[in-house]
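To start, the structure under review is shown below, and the notes come after it.
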Amino acid sequence: MKYFTTAIVAVALAAGLCAKADTREVVRIQYSDGIIDYIPASDIARISFTEGVDSQSELYSLVNTEFDRFKQILTIYPTNHFDIGYAGVMIGLDCMTEDMNVSASGYNWFSSWCEYHNRTAGTFPSSAYMWVMMYTTIENCNKIIADNQADSDDSRLLLAQAYALRSWAYWNLIQTYAPNYFYEPEAQGVVILPDRADRNGTYPSSTVSEVYTGIMTDINTAIDYLKATPLQPAHINVAAAKRYVDLGVAYGLRARYHLTMHLYAEAAADAALAIETSAARPLQPAAASYPGFNDAKLGNWMWAIDITADDPTSSSGVLNFTSHIGSLFASGYCSVGVGKACGKALHDYLESQPGDVRRMWFTDAEGHNINLTPMQQTIVSETFSVSEMPYLNVKFDNDQGMVLNDMAASDIPLMRIEEMYLIQAEGLAMSGNLNEGRNLLADFVATYRNPGYTCTAADAESLQKEIVWQRRAEFWGEGLTFFDKLRLQTLLERCDFYGFHRVALVACDELKKYSPGSGMARMKRRPDDESTLRQARRMLHGRHGRLMRRIIAWMWEIFMIDTKAGRRNACRRFIFPSAAELKAVYRSSSRWLLPLLHVAHTIPAALAVVAFSLYTRRSG
Numbered sequence: 002m003k004y005f006t007t008a009i010v011a012v013a014l015a016a017g018l019c020a021k022a023d024t025r026e027v028v029r030i031q032y033s034d035g036i037i038d039y040i041p042a043s044d045i046a047r048i049s050f051t052e053g054v055d056s057q058s059e060l061y062s063l064v065n066t067e068f069d070r071f072k073q074i075l076t077i078y079p080t081n082h083f084d085i086g087y088a089g090v091m092i093g094l095d096c097m098t099e100d101m102n103v104s105a106s107g108y109n110w111f112s113s114w115c116e117y118h119n120r121t122a123g124t125f126p127s128s129a130y131m132w133v134m135m136y137t138t139i140e141n142c143n144k145i146i147a148d149n150q151a152d153s154d155d156s157r158l159l160l161a162q163a164y165a166l167r168s169w170a171y172w173n174l175i176q177t178y179a180p181n182y183f184y185e186p187e188a189q190g191v192v193i194l195p196d197r198a199d200r201n202g203t204y205p206s207s208t209v210s211e212v213y214t215g216i217m218t219d220i221n222t223a224i225d226y227l228k229a230t231p232l233q234p235a236h237i238n239v240a241a242a243k244r245y246v247d248l249g250v251a252y253g254l255r256a257r258y259h260l261t262m263h264l265y266a267e268a269a270a271d272a273a274l275a276i277e278t279s280a281a282r283p284l285q286p287a288a289a290s291y292p293g294f295n296d297a298k299l300g301n302w303m304w305a306i307d308i309t310a311d312d313p314t315s316s317s318g319v320l321n322f323t324s325h326i327g328s329l330f331a332s333g334y335c336s337v338g339v340g341k342a343c344g345k346a347l348h349d350y351l352e353s354q355p356g357d358v359r360r361m362w363f364t365d366a367e368g369h370n371i372n373l374t375p376m377q378q379t380i381v382s383e384t385f386s387v388s389e390m391p392y393l394n395v396k397f398d399n400d401q402g403m404v405l406n407d408m409a410a411s412d413i414p415l416m417r418i419e420e421m422y423l424i425q426a427e428g429l430a431m432s433g434n435l436n437e438g439r440n441l442l443a444d445f446v447a448t449y450r451n452p453g454y455t456c457t458a459a460d461a462e463s464l465q466k467e468i469v470w471q472r473r474a475e476f477w478g479e480g481l482t483f484f485d486k487l488r489l490q491t492l493l494e495r496c497d498f499y500g501f502h503r504v505a506l507v508a509c510d511e512l513k514k515y516s517p518g519s520g521m522a523r524m525k526r527r528p529d530d531e532s533t534l535r536q537a538r539r540m541l542h543g544r545h546g547r548l549m550r551r552i553i554a555w556m557w558e559i560f561m562i563d564t565k566a567g568r569r570n571a572c573r574r575f576i577f578p579s580a581a582e583l584k585a586v587y588r589s590s591s592r593w594l595l596p597l598l599h600v601a602h603t604i605p606a607a608l609a610v611v612a613f614s615l616y617t618r619r620s621g
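At position 563 of the sequence shown (counting the first as 1) the number is 564 in the working numbering, and the numbers step up by one without a gap.
Quick look at the structure:
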């Protein structure tokens, strides 16, 4: 019996949208492999259409609210823990590539992305997550644009933010739900909402070309306003200036758009303007070789979601970016075994680049990383097994490097200056300036990431492939790789296992040694002294430990979800886990034993839920 097969998923060969599509109807995308993607009308109806904004102060408030919304939790789907703002989109998009691997755990909230249910099943909340989030942004930006006159510095700055955000929202939508501009410009795209949309109106889909025309008009307008009135903290009530779009970020957004459209000369020019205009500079090798990427104040960040200790996403424990991706955080979903790891192909590429500091963003095949502190290594060693998760990411550190608290105030990068260097290099190479692009790439990588790097690409296409590898390494976890797949029409190569995609960690002919129940040896313990943390987490090892981690995660959900429906779903998942989760918890792949495990687990779990309910009811 063949347990594993190679699934080659054609992610970028979109054929177009159906003939009828508007904000109130179902929008479909037909892929060449026969997969139908659609967005439920019920979710579209959740977009709030209001009458407008009455005052300048309301405009200020709306701008700040819109930026705050990118870090809000449980606002679209109150019972789904991938709803952590735009950070959830970033993780979900990366989970759709072969570069981010996730363990097959029942607490993997991004399983629908891993299994492409968000692309194939309208009943899954993830199907419309990007759609609802971006159209809400568009509607709010429309209110600002419709109710604002460019008659002062303040109003021009408000308009600049609205036009830039609207262009970015449409760019996310058109990439996710329509074919690429270069290949099918006249295919059906997404709906362009008028500045004042009628809730009872219907709006047909525009073509891909028309949507991009609107995107470029918006970003050009934003750039014109920012040129005339540079963004200053005094203009907008800011807590952290990098949450806003300044002129450098606007050029960076336009560089992204031109790159997506295959307008390479324009992309290179915009990237150069972004580098020239922005105060950001690439992260130095010494700083880049250690866990970080958690602070908007870093000198290489251009645009960011700023998270404070007062934000609900920070104090929630599990409902934040750090919880889902932070392997060095002792609280959250990663700590109960739902880690995010580097795919084998990307890992092998980094291994072929001796001296590249980005190798330190992941553990080795035995779960070690020499740049981790003893406490960080202990967290990794005692939470994840080698058989489950080699090449675990340690790129994203928790806020201030704290591992023993339950706060996760880590900022989230939306744009870093390193991207501009790589866009400029690709743009130059693909627009007839091969030597200039190659020299720029070699200088950037040798200066900031790998001192021994040389680039031997002999033609533009080879250089573009090398730059894409650099982008995959540089922006792992930042939500850009899947869009590269789409714009370049490249196939996604993965291996199947329970529908999850962690098995792409290794070559398909080697999968058995990493499968649950294979009996592969556990990671060797270091002979250092037994720490308090080690003692505290010793109980979380082995079969009983995996069950205990599951119980802990369930209790977190009960306490953190404030809706009855959410608590009921948490109890249901605890009492009736999926077959994949049972196999992961009990390390058994036996088909005849699985029904017995269901019974053995369900009865005590149900009793535990009843006892817990009675206790909380009495104590409350």
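All C-beta atoms, glycine included, are put in the ideal place defined by N, C-alpha and C.
Exposure of Glu467, with buried meaning 16 or more beta-carbon neighbours within 10 Å
Residue mapping note: residue 467 aligns to position 466 of the sequence shown, counting from 1. Buried is the call here.
Which of the three DSSP states is assigned to Gln176 in this structure?
Reading the sequence shown from its first residue, position 175 is the one you call residue 176. Helix, per DSSP.
Could you check what DSSP says for Thr7 in three-state terms: helix, strand or coil?
In the sequence shown, the residue the question calls residue 7 occupies position 6. The predicted position of Thr7 is uncertain, since its pLDDT is 30 and thus under 50; no value can be drawn from it.
Start and end of the alpha helix (DSSP H) containing Met421?
For the purposes of this step, residue 421 is taken as residue 420 along the sequence shown, with counting starting at 1. Its alpha helix (DSSP H) spans residues 418–431.
Which of helix, strand or coil does DSSP assign to Pro596?
Locating residue 596 in the sequence shown gives position 595, counting from the first residue. Note: Pro596 maps to helix in three-state DSSP.
Ala287 versus Asn440 - alpha carbon distance
Position 286 of the sequence shown, counted from the start, is the residue given in the question as residue 287. Position 439 of the sequence shown, counted from the start, is the residue given in the question as residue 440. Distance between the alpha carbons of Ala287 and Asn440: 23 Å.
Give the DSSP-derived three-state secondary structure of Ser168 in the structure shown.
Counting from 1 along the sequence shown, the entry for residue 168 is found at position 167. Reduced to three states, the DSSP call for Ser168 is helix.
Pull up the CB-CB distance for Gly480 and Val90, whole angstroms please, since I reckon it's below 8 Å.
Sequence index remark: in the sequence shown, residue 480 carries index 479 (1-based). Sequence index remark: in the sequence shown, residue 90 carries index 89 (1-based). Yes, Gly480 and Val90 are in contact; Cβ-Cβ is about 6 Å, under 8 Å.
Taking the alpha helix (DSSP H) that Ala288 falls in, what are its first and last residues?
Position 287 of the sequence shown, counted from the start, is the residue given in the question as residue 288. Here the alpha helix (DSSP H) through Ala288 covers 286–289.
Check whether the Cβ of Glu140 lies closer than 7 Å to any Cβ atom in chain D.
Note that chain D does not occur in the displayed structure, where there is just one protein chain.
Apart from the five residues on each side of it in sequence, which residues of its chain come closer than 8 Å, Cβ to Cβ, to Asn173?
Here residue 173 corresponds to residue number 172 of the sequence shown, with the count starting at 1. Taken in chain order, the residues that qualify are Val90, Met131, Met135.
C-alpha gap between Glu116 and Asp154, whole angstroms:
Numbered from its first residue, the sequence shown carries residue 116 at position 115. Numbered from its first residue, the sequence shown carries residue 154 at position 153. If I take the Cα positions, the gap works out to 48 Å.
To the nearest angstrom, how far is it from the Cα of Ala256 to the Cα of Pro292?
Counted from its first residue, the sequence shown places residue 256 at position 255. Counted from its first residue, the sequence shown places residue 292 at position 291. Computed Cα separation, rounded: 28 Å.
Taking contact to mean 3 or more Cβ pairs, one atom from each stretch, closer than 8 Å, check whether the stretch 242–258 and the stretch 77–88 are in contact.
no
Taking 7 Å as the threshold (C-beta atoms), are Asp225 and Tyr252 in contact?
If you number the sequence shown from 1, residue 252 lands on position 251. If you number the sequence shown from 1, residue 225 lands on position 224. In this structure, Asp225 does not lie closer than 7 Å to Tyr252 by Cβ.
From the DSSP secondary-structure annotation, give me the bridge partner or partners of Thr374.
Here residue 374 refers to the residue found at position 373 of the sequence shown. Answer by DSSP bridge pairing: none, since Thr374 is not bridged.
Three-state secondary structure (DSSP) at Ile145?
Here residue 145 refers to the residue found at position 144 of the sequence shown. In the structure shown, Ile145 sits in a helix (DSSP, three-state: H, G or I).
Grab me the residues of Arg244's own chain with a C-beta within less than 6 Å of its C-beta, minus the 5 sequence neighbours each way, in chain order.
For this step, residue 244 is matched to residue 243 along the sequence shown. Excluding sequence neighbours, Arg244 sits near Phe68, Asp307.
With a threshold of 16 other CB atoms inside 10 Å of the CB of Val337, please say whether the residue is buried or exposed.
By one-based count along the sequence shown, residue 337 stands at place 336. Buried, because 16 or more other Cβ atoms sit within 10 Å of the Cβ of Val337.
Would you report the Cα separation of Ala447 and Glu211, rounded to the nearest angstrom?
Residue 447 sits at position 446 when you count from the first residue of the sequence shown. Residue 211 sits at position 210 when you count from the first residue of the sequence shown. Roughly 41 Å separates the two Cα atoms.
Straight-line gap, Ala273 to Val192 (C-alpha atoms, nearest Å):
Residue mapping note: residue 273 aligns to position 272 of the sequence shown, counting from 1. Residue mapping note: residue 192 aligns to position 191 of the sequence shown, counting from 1. Answer to the nearest angstrom: the Cα atoms are 32 Å apart.
Is the separation between the beta-carbon of Asp398 and that of Asn295 shorter than 7 Å?
Along the sequence shown, one-based indexing puts residue 398 at 397. Along the sequence shown, one-based indexing puts residue 295 at 294. Yes; because the gap between Cβ atoms is below 7 Å, this pair is in contact.
Rounded to the nearest angstrom, what separates Glu511 and Asn141 at their Cα positions?
In the sequence shown, counting from the first residue as 1, residue 511 sits at position 510. In the sequence shown, counting from the first residue as 1, residue 141 sits at position 140. Low local confidence applies: a pLDDT of 32 at Glu511 is under 50, so the model's placement there is unreliable, with the coordinate-based value given in what follows. For Glu511 and Asn141, the distance between alpha carbons rounds to 50 Å.
Compare the C-alpha of Val381 against each of Ala346, Gly93, Cys335 and name the closest.
The count along the sequence shown starts at 1 and reaches residue 381 at position 380. Of the candidates Ala346, Gly93, Cys335, the one whose C-alpha sits nearest the C-alpha of Val381 is Cys335.
Look up Pro414 in the DSSP assignment and give the residues it is bridged to.
Along the sequence shown, one-based indexing puts residue 414 at 413. Answer is Ala305, bridged to Pro414.
Whole angstroms are fine: how far does the CA of Ala430 sit from the CA of Tyr454?
On the sequence shown, residue 454 is found 453 positions in, with the first residue counted as 1. On the sequence shown, residue 430 is found 429 positions in, with the first residue counted as 1. Going by the C-alpha atoms only, they are around 18 Å apart.
Assuming contact is defined by CB atoms lying nearer than 7 Å, are Ile145 and Ala163 in contact in what I supplied?
For the purposes of this step, residue 145 is identified with residue 144 of the sequence shown, where counting begins at 1. For the purposes of this step, residue 163 is identified with residue 162 of the sequence shown, where counting begins at 1. For Ile145 and Ala163, yes; Cβs fall inside 7 Å.
What residue range is occupied by the uninterrupted beta strand (DSSP E) comprising Cys343?
As a first step, residue 343 is located in the sequence shown; it is residue number 342 there, counting from the start. First-last of the beta strand (DSSP E) with Cys343: 341–343.
Cα-Cα separation, Pro195 to Ala151:
On the sequence shown, position 194 is the one that residue 195 refers to. On the sequence shown, position 150 is the one that residue 151 refers to. Distance between the alpha carbons of Pro195 and Ala151 is about 19 Å.
If you drop the 5 nearest sequence neighbours on each side, which residues of the same chain put their C-beta closer than 6 Å to that of Gly428?
Here residue 428 is taken as the residue at index 427 of the sequence shown, counted from 1. Excluding positions up to five away in sequence, the list reads Tyr265, Ala268, Ala269.
So Ala229 and Ala165 are in contact, right, with Cβ under 8 Å, and what is the actual spacing, rounded?
By 1-based counting over the sequence shown, the position of residue 229 is 228. By 1-based counting over the sequence shown, the position of residue 165 is 164. With 8 Å as the limit, Ala229 and Ala165 do not qualify as a contact, their Cβ atoms being about 14 Å apart.
Span of the beta strand (DSSP E), counted from its first residue to its last, around Asn436
As a first step, residue 436 must be located in the sequence shown, where it is residue number 435. Note, Asn436: premise wrong, no beta strand (DSSP E); alpha helix (DSSP H) at 435–449.
What's the gap between the Cα of Arg70 and the Cα of Asp312?
Stepping through the sequence shown from its first residue, residue 70 is reached at position 69. Stepping through the sequence shown from its first residue, residue 312 is reached at position 311. Using only the alpha carbons, I get a separation of about 11 Å.
Taking the CB atoms as reference points, tell me whether Leu487 and Ala461 lie closer together than 7 Å.
Numbered from its first residue, the sequence shown carries residue 487 at position 486. Numbered from its first residue, the sequence shown carries residue 461 at position 460. No, the pair does not count as a contact, with Cβ atoms beyond the cut-off.
When the distance is taken between beta carbons, is Gln377 closer than 7 Å to Leu423?
Taking the first residue of the sequence shown as 1, we reach residue 423 at position 422. Taking the first residue of the sequence shown as 1, we reach residue 377 at position 376. No, the Cβ-Cβ distance between Leu423 and Gln377 is not below 7 Å.
Helix or strand or just coil, what does DSSP make of Leu393?
Translated into positions along the sequence shown, residue 393 becomes position 392. Correct three-state label for Leu393: strand.
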